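Enquirer: Questions regarding the structure given below will be posed in turn.
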Amino acid sequence: MNRIEAALEARKETGVATSPSTEVAEPASKTFADAVPEESQSAGATPVVRIEHLCKSFDGRVVLDAIDLTVPRGKILSIIGQSGGGKTTLLRCINLLERPDHGSIQVNGEAVFADGRVVCPDLAALRRSVGMVFQRFNLFPHLTAVENVMLAQVRAGTPSRTALERSVSLLRRVRLAHRGLAYPDQMSGGEQQRVAIARALALRPSILLFDEPTSSLDPESTVEVLQVMRALAQDGMTMILVTHELPFARGVADWVVFVDGGRIVEQGPPEEIFDRPGQERTRAFLSNEAAAQPDA
Amino acid sequence: MHLASGPFKVPWSDYYGTLFDGLQRTVEYTVVGFAGAAALGLLVALMRVSTVRLVRLPATVYTEVFKNVPLLAIIFLTYFGLGSVGVRLNVFEAGTTSLILFYAAYLSETFRSAIRGVHHGQREAAQALGLRRVDSFTRVIFPQALRLALPGTNTMLVDLLKSTSLLVTISAAELMSQARLITSATFRALEVYLVIAGVYFALCYPLSQGLLWIERRVHAGLPISPRRRRLLRTAAALLTEEEALA
Ligand SMILES: Nc1ncnc2c1ncn2[C@@H]1O[C@H](COP(=O)(O)OP(=O)(O)OP(=O)(O)O)[C@@H](O)[C@H]1O
Ligand SMILES: [Mg+2]
């Protein structure tokens, strides 16, 4: 099924689901793409990421089992789920840090992985269009904050002066201009993570992937980082957010996917998943998480 | 009065030239030997962290062989041994080759563990930023590995300088050979070798102190290259402008 067919199909389904005369056998919005209003799907809007039937095993153990996922432009998808459920692996497959076994991945309409093979002609270019923020701050310790933000730009051919100016303005955007010349080990966890966000933004990616960006931070730093992420969301950045900060996910995400045992157990708009989860496993997970977060 | 006893009787002013030549040779052996050993050692280290077994294997064999054979044996093999089968290296070639082969084995161990010591998250972060393999190595992995490797490498440099004295066995005209020459002319072994030991000390001590100074600077993250210093100055100016605006 090619892209256009897929888009038509998606529109048809939406049409069917919203038509009052038709009996609705399935939930109105089965996937994120279907749930997005028609106008944003028209005009040839390709989703930023489209994943179909993605499978991955480690040493014969299935970690991702036939995952289908679509992220339209400007939207925020949140992935929640138990530890070991495959969330990190899923994110790492999108920029091919991890090699899937089967399925296909399209980024900005271009196939980067298909039929079990990497078909992306330029991995570096793909990764420049997909920004990633890791759980543990992976800043380069031998470089100052501003150099961390600069490096990839300069390597991608941006003149040094331009890259520097852009890095300074990105640091301002994460409210760290005053820490530009600090080394990572001189910064707090929250500051480091905000520099990491600035660094991921440096190449103007079309999507940002966050892998539990606040899970190793103290509450105060968590608030700082979440503020920056909320601002990004308001600016219309497309994001996939793996997080245990459920209240935040609920507030910022357009769509929530609950993953367990390498499968998508349930997905839907945040209100639906958090208030009226349809699956027993989702309910169990949510009540567990609520118990683990006394302040939530 | 020339026959009076006491250690200091060598007419040193006659031997300044000889000593100076020896000093120069020693420095040449050290510089060429170390540069070669560092380059070869880095290559071998890179081979040893390769994912391809066929690349790793020869590097491992090389390291193990040259780590476990005495330097003197290597010197004799390259000079007398190869000479006897028609591969004639002159003294300088044989001397530097021996030093390079021997120290590259040790340096490759130091470099390998330094490269391994850089957290794997660093490589991933570089990859995720779309850095190409070469850039990821030269801009992210190598600078960090260099810091880790610096202390061990510096020790090796001083050790190599001292080991050039073994080249006396092939009359390499370095300090030790010159010392032997002066001794055979003056028969004052104690005095001559004391002075020579002093010269080695005068070379090695400032060298190792200087290297320690560099180590400390590098560890503090202080910029060494003028280019980086300029960049950081410009960045500082821009950043304070930002602050003033904010
Ligand atoms: N490189 C690897 N080799 C072998 N097994 C792996 C590898 N990476 C991940 N796994 C396994 O795959 C499973 C899914 O891991 P993953 O890190 O994707 O889960 P996660 O949902 O991100 O968990 P967490 O919430 O703890 O971060 C785990 O059981 C993990 O042990
Ligand atoms: Mg994870």
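Those protein sequence lines, which keep their order, are chains A and B. Letter 13 of the first sequence, counting from 1, is numbered 88 in our numbering, and no numbers are missing. Letter 215 of the second sequence, counting from 1, is numbered 272 in our numbering, and no numbers are missing. Where a beta carbon is used, it is the ideal one built from N, C-alpha and C, also for glycine. As the structure is a computational prediction, the values presented were derived from the model and not from experiment.
Please name the residue, chosen from B/F149, B/S265 and B/A246, that lies closest to B/I227 on a Cα-to-Cα basis.
Expert: B/F149
Enquirer: For a minimum of 4 consecutive residues, which ranges assigned as the alpha helix (DSSP H) are wholly contained in the stretch 146-198 of chain B?
Expert: With a minimum length of 4 residues, the continuous alpha helix (DSSP H) runs that stay inside the stretch 146-198 of chain B are 148-174 and 177-185.
Enquirer: If you follow the alpha helix (DSSP H) that A/A257 is in, where does it begin and where does it stop?
Expert: Counting along the chain, A/A257 falls outside any alpha helix (DSSP H), and DSSP gives it neither H nor E.
Enquirer: Taking buried to mean at least 16 other C-beta atoms within 10 Å of its own C-beta, is B/H177 buried or exposed?
Expert: Only exposed fits B/H177, as fewer than 16 other CB atoms lie within 10 angstroms of its CB.
Enquirer: Tell me the residue span of the beta strand (DSSP E) that contains A/Q342.
Expert: R338 to G343
Enquirer: Between A/E98 and the rest of its own chain, which residues show a CB-CB distance below 7 Å, the 5 nearest in sequence each way excluded?
Expert: Note that A/E98 has pLDDT 39, beneath the 50 cutoff, so the model's placement of it is unreliable and the number below is only indicative. So the list is empty, once near-sequence residues are dropped.
Enquirer: Residues of chain B with a CB under 8 Å from the CB of A/V32: which are they?
Expert: Given that chain A is displayed from residue 76 to residue 371, the structure contains no residue 32 of chain A and the question cannot be resolved.
Enquirer: Taking only beta-carbon positions, decide if B/E181 is within less than 9 Å of chain A.
Expert: For B/E181, at least one C-beta of chain A is nearer than 9 Å to its own C-beta.
Enquirer: Buried or exposed, going by whether 16 or more other CB atoms sit within 10 Å of the CB of A/V331?
Expert: buried
Enquirer: Measure how close the beta-carbons of A/T145 and A/F107 come, nearest whole angstrom, since I'm counting them as under 8 Å.
Expert: 5 Å
Enquirer: Got a sec: is the Cβ-Cβ distance from A/T237 to anything in chain B below 9 Å?
Expert: no
Enquirer: Within 9 Å (strictly less), CB to CB, does A/L316 reach chain B?
Expert: no
Enquirer: Select from B/I271, B/T243 and B/A292 the residue whose C-alpha is nearest the C-alpha of B/D71.
Expert: B/T243
Enquirer: Is A/S96 helix, strand or coil when you go by DSSP?
Expert: Because A/S96 sits at a pLDDT of 40, beneath the cut-off of 50, its placement in the model cannot be relied upon, and the point is left open.
Enquirer: When you compare only the Cα positions, how much space is there between A/D286 and A/M207?
Expert: 8 Å
Enquirer: For A/A220 versus B/G187, is the C-beta spacing smaller than 9 Å?
Expert: no
Enquirer: Tell me whether A/Q228, by its Cβ, gets closer than 8 Å to a heavy atom of ligand 1.
Expert: For ligand 1, not one heavy atom lies less than 8 Å from the Cβ of A/Q228.
Enquirer: So what does A/K131 bridge to, in DSSP terms?
Expert: A/K131 is bridged to A/L139.
Enquirer: At a threshold of 8 Å, does A/Q157 count as lining ligand 1 (C-beta to nearest heavy atom)?
Expert: yes
Enquirer: Under a CB-based cut-off of 9 Å, is B/T291 close to chain A?
Expert: Answer yes: the Cβ-Cβ gap between B/T291 and chain A drops below 9 Å somewhere.
Enquirer: For the stretch 182-197 of chain B, enumerate the residues whose C-beta is nearer than 7 Å to any C-beta of chain A, in chain order.
Expert: A182, Q184, A185, L186, G187, L188, R189, D192, R196 and V197
Enquirer: I need the DSSP call for B/L99, collapsed to helix, strand or coil.
Expert: helix
Enquirer: Mind checking A/Q261: buried by the 16 CB within 10 Å criterion, or exposed?
Expert: exposed
Enquirer: Regarding A/Q210 and ligand 2, is the C-beta to nearest heavy atom distance less than 8 Å?
Expert: At least one heavy atom of ligand 2 is nearer than 8 Å to the Cβ of A/Q210, so yes.
Enquirer: Got a sec: which bits of the stretch 344-355 of chain A sit with their beta carbon under 8 Å from any beta carbon on chain B, in order along the chain?
Expert: Interface annotation for the stretch 344-355 of chain A against chain B: empty, criterion Cβ-Cβ distance under 8 Å.
Enquirer: Among the residues of its own chain, which have a CB less than 7 Å from the CB of A/S117, if the five just before and after it don't count?
Expert: Note that A/S117 has pLDDT 47, beneath the 50 cutoff, so the model's placement of it is unreliable and the number below is only indicative. Excluding sequence neighbours, A/S117 sits near nothing in its chain.
Enquirer: Just to confirm my understanding: we take B/Q201, look at its own chain, exclude 5 residues before and 5 after, and list those with CB closer than 7 Å. What are they?
Expert: Counting only Cβ-Cβ distances below 7 Å, and skipping sequence neighbours, we find V175 and Q179.
Enquirer: Counting pairs of beta carbons, one from the stretch 202-221 of chain B and one from the stretch 143-160 of chain B, are three or more of them closer than 8 Å?
Expert: yes
Enquirer: To the nearest angstrom, how far is the alpha carbon of A/N183 from that of A/P294?
Expert: 35 Å
Enquirer: Residues of chain A with CB under 9 Å from B/Q201, in chain order?
Expert: F215, P216 and H217
Enquirer: From what residue to what residue does the beta strand (DSSP E) around A/H177 run?
Expert: H177 to V182
Enquirer: Any contact of the stretch 134-154 of chain A with the stretch 310-329 of chain A, i.e. 3+ C-beta pairs under 8 Å?
Expert: yes
Enquirer: Please report the distance separating the alpha-carbon of A/E185 from that of A/R279.
Expert: 18 Å
Enquirer: I want to see whether chain A comes within less than 9 Å of B/L217, judged by CB atoms only; does it?
Expert: no
Enquirer: Suppose contacts are defined by Cβ-Cβ distances below 9 Å. Is A/E127 in contact with A/G178 by that definition?
Expert: In this structure, the beta-carbon distance from A/E127 to A/G178 falls below 9 Å.
Enquirer: Could you tell me whether the Cβ atoms of B/V67 and B/E248 are closer together than 9 Å?
Expert: yes
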